[in-house]
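Novice: In the order they appear, the protein sequences are chains A and B.
The first sequence begins at 1 in this note's numbering and counts up by one.
The second sequence begins at 1 in this note's numbering and counts up by one.
There are 2 protein chains.
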Amino acid sequence: MPGKRVVIIGAVALGPKAACRLKRLQQDAEVTMIDQDEFISYGGCGIPYFVSGDISDVRELMSTSYHMVRTPGFFEDAKGVTVRNMTRALSIDRKAKTVRVQDLRSGAEEDIPYDKLVLATGSRPNRLHVPGGDLPEVACVADLHSAAAVKDRISRGEVDKAVIVGAGAIGCEMAEALSDLWGIETTVVEIADQVLPGILDANLARMVRKHMEEKGVAVRLSETVRGIERRGDGEGLKVLTSGGDLEADLVIASIGVRPNADLAVQAGLTVSPRGAVVVNRRLQTSDPDIYAGGDCIEVTHLVTGKSVVFPQGSLANRQGRVIGTNLAGGHATFNGVVGSFSIKVFDMAVASTGIHLKTALSEGFDAVHAFVVQADRAHFYPTQDLMYLQLTVDRKTRRILGAQGIGHNGDALVGRIDSIAAMLPYRATLDDLSNLEVAYSPPYASALDIVNAAGNTAENILDGYNRTMDLDAFEKCFLENRTDDVLCLDVRGPANAAPFVERFGERWMNIPQETLKKRIGEVPRDKRLLVVCNSGVRSYEALRCLDAEGVRNTANVQGGMAAVKKSGLLDVDDESEKQPEQS
Amino acid sequence: MPGKRVVIIGAVALGPKAACRLKRLQQDAEVTMIDQDEFISYGGCGIPYFVSGDISDVRELMSTSYHMVRTPGFFEDAKGVTVRNMTRALSIDRKAKTVRVQDLRSGAEEDIPYDKLVLATGSRPNRLHVPGGDLPEVACVADLHSAAAVKDRISRGEVDKAVIVGAGAIGCEMAEALSDLWGIETTVVEIADQVLPGILDANLARMVRKHMEEKGVAVRLSETVRGIERRGDGEGLKVLTSGGDLEADLVIASIGVRPNADLAVQAGLTVSPRGAVVVNRRLQTSDPDIYAGGDCIEVTHLVTGKSVVFPQGSLANRQGRVIGTNLAGGHATFNGVVGSFSIKVFDMAVASTGIHLKTALSEGFDAVHAFVVQADRAHFYPTQDLMYLQLTVDRKTRRILGAQGIGHNGDALVGRIDSIAAMLPYRATLDDLSNLEVAYSPPYASALDIVNAAGNTAENILDGYNRTMDLDAFEKCFLENRTDDVLCLDVRGPANAAPFVERFGERWMNIPQETLKKRIGEVPRDKRLLVVCNSGVRSYEALRCLDAEGVRNTANVQGGMAAVKKSGLLDVDDESEKQPEQS
Chain A
1 MPGKRVVIIG AVALGPKAAC RLKRLQQDAE VTMIDQDEFI SYGGCGIPYF VSGDISDVRE
61 LMSTSYHMVR TPGFFEDAKG VTVRNMTRAL SIDRKAKTVR VQDLRSGAEE DIPYDKLVLA
121 TGSRPNRLHV PGGDLPEVAC VADLHSAAAV KDRISRGEVD KAVIVGAGAI GCEMAEALSD
181 LWGIETTVVE IADQVLPGIL DANLARMVRK HMEEKGVAVR LSETVRGIER RGDGEGLKVL
241 TSGGDLEADL VIASIGVRPN ADLAVQAGLT VSPRGAVVVN RRLQTSDPDI YAGGDCIEVT
301 HLVTGKSVVF PQGSLANRQG RVIGTNLAGG HATFNGVVGS FSIKVFDMAV ASTGIHLKTA
361 LSEGFDAVHA FVVQADRAHF YPTQDLMYLQ LTVDRKTRRI LGAQGIGHNG DALVGRIDSI
421 AAMLPYRATL DDLSNLEVAY SPPYASALDI VNAAGNTAEN ILDGYNRTMD LDAFEKCFLE
481 NRTDDVLCLD VRGPANAAPF VERFGERWMN IPQETLKKRI GEVPRDKRLL VVCNSGVRSY
541 EALRCLDAEG VRNTANVQGG MAAVKKSGLL DVDDESEKQP EQS
Chain B
1 MPGKRVVIIG AVALGPKAAC RLKRLQQDAE VTMIDQDEFI SYGGCGIPYF VSGDISDVRE
61 LMSTSYHMVR TPGFFEDAKG VTVRNMTRAL SIDRKAKTVR VQDLRSGAEE DIPYDKLVLA
121 TGSRPNRLHV PGGDLPEVAC VADLHSAAAV KDRISRGEVD KAVIVGAGAI GCEMAEALSD
181 LWGIETTVVE IADQVLPGIL DANLARMVRK HMEEKGVAVR LSETVRGIER RGDGEGLKVL
241 TSGGDLEADL VIASIGVRPN ADLAVQAGLT VSPRGAVVVN RRLQTSDPDI YAGGDCIEVT
301 HLVTGKSVVF PQGSLANRQG RVIGTNLAGG HATFNGVVGS FSIKVFDMAV ASTGIHLKTA
361 LSEGFDAVHA FVVQADRAHF YPTQDLMYLQ LTVDRKTRRI LGAQGIGHNG DALVGRIDSI
421 AAMLPYRATL DDLSNLEVAY SPPYASALDI VNAAGNTAEN ILDGYNRTMD LDAFEKCFLE
481 NRTDDVLCLD VRGPANAAPF VERFGERWMN IPQETLKKRI GEVPRDKRLL VVCNSGVRSY
541 EALRCLDAEG VRNTANVQGG MAAVKKSGLL DVDDESEKQP EQS
């Protein structure tokens with residue numbers, strides 16, 4: 001008796017994983033993978049590193065870790081999986097249980113029968129719907145062909161200036177890819193008022209933007225692209241934006257992706273209003289013989305409980321394994337996502353899990369956030385680097401809703417985010433985080449690590465001990481609105497405070513925290529006091545002291561001067577980045 | 001009305017944390033911290049880095065992150081806490097609610113009254129109970145005085161050779177401290193048959209030992225110290241061991257610590273058979289007005305459910321906060337530990353959480369472990385480093401019992417261990433780990449990260465798809481017992497396999513995995529086959545193929561040649577470390 005016939009449409013991430021998992025469990029299954037492209041089974045997330053030159057050969061993205069290229073022949077020999085590339089799936093006949101396909105080389109069509117079918121049709125990049133958005137110099141780098149074409153143009157020296165439309169994850173990665181090694185003059189145009197809109201908190205986004213600008217990328221926020229024209233001289237393009245025109249030899253559109261559910265729609269499967277295939281926890285579509293996973297499906301967000309589209313190569317791999325197991329008769333489930341991601345932007349890592357404050361509020365949570373700055377190692381360890389971490393919690397339940405941060409030691413930052421991500425499915429609370437037992441030794445963590453400190457700080461905020469102020473409020477209240485009734489109380493040592501006292505005069509008062517009790521008489525009681533230190537810890541200590549003395553019109557600037565400076569709000573050399581505090 | 005009087009005995013880690021937390025919540029509390037030492041509030045875990053020279057001044061271990069030395073005056077001014085150092089607590093009168101103390105400078109005694117008392121008496125290093133174990137050249141480096149004395153001797157050039165007794169965490173750290181920068185000829189003598197006994201799996205311990213030896217440290221296992229004598233020439237010592245005599249100018253005894261519960265015993269508080277103070281989840285002793293925490297207490301191990309002594313500076317800090325909160329009238333709890341730790345040994349990081357296989361079996365779990373080797377980043381990313389991770393699970397419940405690993409990118413390794421540690425209190429299962437949503441991008445993780453791969457591998461073992469063999473079994477079965485009925489089937493490419501075929505002749509057969517099905521006729525059916533590849537992934541694929549062909553007397557060597565070589569079992573240059581596989 002022959003094994004069951006399984007057809008998989010799409011052979012990039014989820015498809016191969018499902019196919020190989022199934023074959024390992026049931027060697028007699030007959031598995032056919034179909035893909036309209038020539039290239040299959042490649043690491044699409046590696047495209048920016050290929051364009052940048054960090055990865056020299058496009059075949060590295062299609063290779064196994066033991067340097068075999070994953071061609072159709074490789075899948076046949078090593079995995080026992082039949083691959084038909086350059087073959088487009090045209091339609092599904094669920095009654096006959098066949099897929100109509102067309103060989104793109106010969107044009108010939110045929111029906112392939114299946115017992116079980118897998119939709120791994122992925123996503124499509126959104127196109128720039130403006131005049132000129134379809135010019136050949138406007139690229140998407142969403143697949144290896146366009147990535148190779150862009151890199152070819154760069155290698156040939158045809159690109160001096162580039163405009164990237166969209167400052168999402170791909171846009172930021174591409175900004176580095178173009179400007180870092182190639183030295184291309186790069187401008188990023190973003191319609192929102194921050195980089196990484198929708199996925200990163202505004203405080204942190206300020207820091208990422210500043211870092212990009214320090215690396216030579218021009219970042220233009222709150223600007224829309226109105227059209228793209230060829231320049232009069234016939235060489236290159238002019239990008240027309242709401243903020244003015246930009247010259248460019250290359251335009252990259254990175255304005256998001258949308259699920260590719262065309263075949264599912266054609267086959268009459270349930271598709272969500274967002275256009276994504278709807279699946280159950282076993283990753284079956286509305287037809288139990290048809291599975292779907294990867295970028296083309298909707299999943300449950302485990303923090304909000306709502307359905308979301310969250311395209312990630314890592315999820316596609318995990319879902320592929322679940323489908324492979326289930327195709328073999330197993331009972332694996334994919335319960336949902338917590339929304340983890342990471343991005344490298346030049347020397348800065350950005351990592352996140354769960355939801356941030358803005359999303360939490362819009363989802364109806366009574367949410368607050370805590371912002372902490374702390375080193376990645378014990379503060380006495382000789383080498384160290386600061387991490388900036390934002391924690392979002394629900395006031396009533398004290399449940400952790402998410403965490404995100406930036407830092408220059410990416411492994412250290414991602415490790416912290418991953419440890420919080422691991423807790424989210426269990427509806428972990430602040431108590432859990434305060435006692436999260438990270439593996440401590442001075443070279444790798446602090447005795448009270450930043451994740452614990454974030455939990456403790458949030459608890460202090462919820463309990464009313466710590467009244468905080470965010471960077472944007474500090475900007476409005478102190479930097480923009482220069483009234484006399486607001487005073488910065490700097491509780492650091494005189495050396496740290498001096499440059500600010502010099503700059504802001506009577507609006508910046510310095511009383512070191514350890515002298516505050518004795519000098520309490522000097523503290524003005526008729527003004528609002530913004531208490532600052534390097535990171536927000538000594539200022540919290542000062543806040544407690546002021547409270548006890550009846551001075552309560554106060555706020556602690558979260559993240560302290562380290563955060564103020566990291567975000568570019570103030571540029572004064574007080575060495576605060578080098579002398580953070582620990583809670 | 002004056003605030004409550006709180007007396008804290010012990011001012012190193014837990015004491016200061018509890019004192020400061022309480023004061024921040026209740027500024028009117030009268031807090032007195034007592035310590036018999038001159039030095040207080042120091043980072044004891046930093047001692048090896050001070051001895052090594054990485055930290056130049058002992059005051060750095062006593063400083064805040066903003067470079068203020070935590071003297072009694074600092075605590076008075078900055079924290080409102082009274083410190084009486086050089087003051088020994090002699091006894092507790094629970095009826096009168098007083099602590100009898102003696103000023104070690106003047107000899108004067110007095111009674112200090114308390115409303116609430118905190119025992120932060122820490123631990124004591126075990127002494128070497130052998131003849132000569134009390135010679136002045138035998139040090140413990142358990143406090144700043146002895147650490148400073150050792151460093152002084154080294155700085156003066158008095159130490160050419162050192163013997164470290166005990167290869168636990170401190171012993172391994174001290175081996176690096178003495179030999180790396182100072183170039184001291186260092187020998188570690190350990191009574192057990194592995195380094196880091198009791199806390200690290202034997203497979204991983206082999207790798208740590210090999211690394212130490214590569215760095216020039218002599219490691220002598222299964223040896224006991226019988227005595228220490230002065231050498232005849234009057235310069236230095238002779239350490240008499242069961243394996244022979246060793247010359248030494250310095251001996252460091254690092255044979256563990258035991259809780260210091262003397263005062264608790266004197267006061268009639270409940271103390272465990274192990275000699276640790278017994279506390280409830282609020283960290284109250286059997287007298288509700290007396291709290292205890294840190295190295296002197298027993299805590300619940302959240303994996304085994306049993307009471308353990310787990311001395312860690314990080315736990316002391318967390319427990320200190322819990323006590324501070326409760327002293328202020330709050331309701332904080334410390335539920336227990338999962339047993340996380342990390343150690344840096346030269347260029348190698350060791351990190352662990354939960355329990356390993358040996359412990360799990362002795363605790364009555366029907367446990368198995370999975371061993372995986374994988375890079376810290378996407379395999380196509382230009383820079384990367386291998387991590388070696390061992391996962392222990394319970395067969396019946398599929399619950400994760402622990403994970404530990406080694407790697408040269410410490411932040412990356414610790415991050416993975418921390419993410420698993422975060423799941424342990426929730427009794428997470430393999431399903432949870434397989435879908436653990438680490439923050440993916442190629443510079444920081446693999447699409448299927450090593451933590452997911454470990455979960456998947458364990459699942460494959462439990463489901464009977466992957467029959468594995470450990471390094472020690474491989475050593476016994478193939479390397480030591482050179483019989484004809486066992487054959488290594490190397491499923492890597494010919495270039496990788498060639499050096500082994502040359503060395504082992506007919507006992508080492510090479511059939512690349514992707515050709516296995518076609519060449520199945522060549523596979524001997526009358527022998528036990530040990531299937532190997534670089535990491536254990538292609539060999540698993542091969543195992544599945546062999547199973548389907550009816551060849552089932554097979555085992556997959558876990559961790560593959562990368563692990564075999566990393567542990568020093570075989571030293572052949574096949575470049576396997578550079579070409580690992582991913583699952």
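A virtual CB, placed ideally from N, CA and C, is assigned to each residue, including glycine.
1) Determine the chain A residues that contact B:S307 at a beta-carbon separation under 9 Å, and present them in chain order.
2) What is the DSSP secondary structure of A:I417, reduced to helix, strand or coil?
3) Assuming B:T121 contacts B:I34 (C-beta within less than 8 Å), just tell me the rounded distance between them.
4) Taking 8 Å as the threshold (beta carbon to beta carbon), is A:G43 in contact with chain B?
5) Which residues in chain A sit within 8 Å of B:V46, going by Cβ to Cβ distance?
6) On the three-pair Cβ rule with 8 Å, is the stretch 36-55 of chain B touching the stretch 74-93 of chain B?
7) Is A:Y42 helix, strand or coil by DSSP?
8) Quick check: the stretch 109-127 of chain B against the stretch 258-273 of chain B, are at least 3 beta-carbon pairs closer than 8 Å?
9) Mind listing the chain A neighbours of B:L61? Cutoff is C-beta to C-beta under 7 Å, in chain order.
10) Expressed to the nearest angstrom, what Euclidean distance is found between the alpha-carbon atoms of B:G157 and B:R230?
11) Please determine, among B:V531, B:P524, B:G493, the residue with the shortest C-alpha to C-alpha distance to B:E514.
12) Starting from the Cα of A:A148, find the closest Cα among A:S52, A:I92, A:Q194, A:F500 and give me that residue.
13) Hey, is B:I55's beta-carbon within less than 8 Å of any beta-carbon in chain A?
14) Going by DSSP, what residues sit across from B:F341 in a beta bridge?
15) Could you compute how far the alpha carbon of A:I252 sits from the alpha carbon of A:L240?
16) DSSP three-state call for A:L570: helix, strand or coil?
17) Runs of 4 residues minimum, wholly inside the stretch 245-281 of chain A: which ones carry the alpha helix (DSSP H) assignment?
18) Residues in the stretch 343-356 of chain B with C-beta within 8 Å of chain A's C-beta atoms, listed in sequence order?
19) Strictly by DSSP, which residues pair up with A:M33?
20) So is B:I406 in contact with chain A if we call contact Cβ pairs under 8 Å?
21) Pull up the distance between the alpha-carbon of B:I343 and that of B:G354, whole angstroms please.
22) Could you compute how far the alpha carbon of B:L569 sits from the alpha carbon of B:G560?
23) Measuring CA to CA, which of B:K161, B:H301, B:A96 is closest to B:D245?
24) For a minimum of 3 consecutive residues, which ranges assigned as the beta strand (DSSP E) are wholly contained in the stretch 173-252 of chain A?
25) Could you work out which residue in B:L237, B:A108, B:V159, B:G313 is closest to A:A445 when comparing CA atoms only?
26) Identify whether A:N317 lies in helix, strand or coil by the three-state DSSP scheme.
27) With DSSP collapsed to three states, give me the class of B:N466.
28) Which partner residues of B:E109 appear in the DSSP bridge assignment?
29) Identify, in the order they occur along the chain, each residue of the same chain with its Cβ nearer than 8 Å to the Cβ of A:D635, setting aside the five sequence neighbours on each side.
30) Which residues in chain A sit within 8 Å of B:I417, going by Cβ to Cβ distance?
31) Along chain A, in chain order, which residues have C-beta atoms closer than 9 Å to that of B:Y597?
32) Using the beta-carbon of each residue, which ones in chain A are nearer than 8 Å to B:G313?
33) Less than 8 Å between the beta carbons of B:N326 and B:L283, yes or no?
34) If you measure from the beta carbon of B:R552 to each beta carbon in chain A, is any gap under 8 Å?
35) Is the Cβ-Cβ distance between B:N556 and B:L546 less than 8 Å?
36) Under 8 Å, do B:A439 and B:T392 count as touching if we go by C-beta distance?
Specialist: Working from what's here:
1) The sequence position of residue 307 of chain B within the second sequence is 307, counting from 1. Close to B:S307, with beta-carbon spacing below 9 Å, lies no residue of chain A; the smallest spacing is near 17 Å.
2) Position 417 of the first sequence, counted from the first residue, corresponds to residue 417 of chain A. A:I417 falls in the helix class under three-state DSSP.
3) Taking the second sequence and counting its residues from 1, one reaches residue 121 of chain B at position 121. Taking the second sequence and counting its residues from 1, one reaches residue 34 of chain B at position 34. About 10 Å separates the beta carbons of B:T121 and B:I34, which is beyond the 8 Å limit, so they are not a contact pair.
4) Numbered from its first residue, the first sequence carries residue 43 of chain A at position 43. Taking Cβ atoms only, chain B reaches closer than 8 Å to A:G43, which makes this a yes.
5) Within the second sequence, residue 46 of chain B is the residue found at index 46, counting from 1. Rather than Val, the amino acid found at residue 46 of chain B in this sequence is Gly. Here the neighbours are A378, F380, Y381, P442.
6) Touching, yes, given that three or more Cβ pairs across the two stretches are closer than 8 Å.
7) On the first sequence, position 42 is the one that residue 42 of chain A refers to. Three-state DSSP puts A:Y42 in coil, outside helix and strand.
8) Counting Cβ pairs under 8 Å, three or more are found: they touch.
9) Position 61 of the second sequence, counted from the first residue, corresponds to residue 61 of chain B. Going along chain A in sequence order, the residues near B:L61 (Cβ under 7 Å) are F380.
10) The sequence position of residue 157 of chain B within the second sequence is 157, counting from 1. The sequence position of residue 230 of chain B within the second sequence is 230, counting from 1. Spanning the two alpha carbons is a distance of roughly 18 Å.
11) As a first step, residue 514 of chain B is located in the second sequence; it is residue number 514 there, counting from the start. Per the Cα distances, B:G493.
12) Taking the first sequence and counting its residues from 1, one reaches residue 148 of chain A at position 148. Nearest C-alpha to A:A148: A:S52.
13) Numbered from 1 along the second sequence, position 55 holds the residue referred to as residue 55 of chain B. True, the Cβ-Cβ gap to chain A drops below 8 Å.
14) For the purposes of this step, residue 341 of chain B is taken as the residue at position 341 of the second sequence. The partner list for B:F341 (beta bridge, DSSP) reads B:S352.
15) Taking the first residue of the first sequence as 1, we reach residue 252 of chain A at position 252. Taking the first residue of the first sequence as 1, we reach residue 240 of chain A at position 240. Going from the Cα of A:I252 to the Cα of A:L240 covers about 14 Å.
16) Locating residue 570 of chain A in the first sequence gives position 570, counting from the first residue. In this structure, A:L570 counts as coil in the three-state DSSP scheme.
17) The qualifying runs are 262-266.
18) I343, K344, A349, A351, S352, T353
19) Along the first sequence, read from residue 1 onward, the residue named residue 33 of chain A stands at position 33. In DSSP, A:M33 forms a bridge with A:I8, A:V83.
20) On the second sequence, position 406 is the one that residue 406 of chain B refers to. Cβ-Cβ to chain A under 8 Å: no for B:I406.
21) For the purposes of this step, residue 343 of chain B is identified with residue 343 of the second sequence, where counting begins at 1. For the purposes of this step, residue 354 of chain B is identified with residue 354 of the second sequence, where counting begins at 1. CA-CA distance, B:I343 to B:G354, rounds to 15 Å.
22) The sequence position of residue 569 of chain B within the second sequence is 569, counting from 1. The sequence position of residue 560 of chain B within the second sequence is 560, counting from 1. The alpha-carbon atoms of B:L569 and B:G560 are separated by roughly 12 Å.
23) Sequence index remark: in the second sequence, residue 245 of chain B carries index 245 (1-based). Nearest C-alpha to B:D245: B:K161.
24) 185-189, 218-220, 225-230, 237-241, 244-248
25) Counting from 1 along the first sequence, the entry for residue 445 of chain A is found at position 445. If we check each option's Cα against that of A:A445, B:G313 comes out closest.
26) As a first step, residue 317 of chain A must be located in the first sequence, where it is residue number 317. In the structure shown, A:N317 sits in a helix (DSSP, three-state: H, G or I).
27) Sequence index remark: in the second sequence, residue 466 of chain B carries index 466 (1-based). In the three-state reduction of the DSSP assignment, B:N466 falls in the coil class, being assigned neither a helical nor a strand state.
28) Against the second sequence, residue 109 of chain B aligns to sequence position 109. Beta-bridge pairing links B:E109 to B:Q102.
29) Look at the range of chain A in this structure, 1 to 583, and you will see that residue 635 of chain A is not part of it.
30) The residue given as residue 417 of chain B occupies position 417 in the second sequence. Those are A439, listed as they occur along chain A.
31) Outside the displayed span of chain B (1 to 583) sits residue 597 of chain B, for which this structure offers no information.
32) Your numbering for residue 313 of chain B matches position 313 in the second sequence. The contacting residues are Y440, A447.
33) As a first step, residue 326 of chain B is located in the second sequence; it is residue number 326 there, counting from the start. As a first step, residue 283 of chain B is located in the second sequence; it is residue number 283 there, counting from the start. Contact flag set, yes.
34) Position 552 of the second sequence, counted from the start, is the residue given in the question as residue 552 of chain B. For B:R552, the answer is no, since every Cβ of chain A falls outside 8 Å of its Cβ.
35) For the purposes of this step, residue 556 of chain B is taken as the residue at position 556 of the second sequence. For the purposes of this step, residue 546 of chain B is taken as the residue at position 546 of the second sequence. B:N556 is not a Cβ neighbour of B:L546, given a cutoff of 8 Å.
36) In the second sequence, residue 439 of chain B corresponds to position 439, counting from 1. In the second sequence, residue 392 of chain B corresponds to position 392, counting from 1. No.
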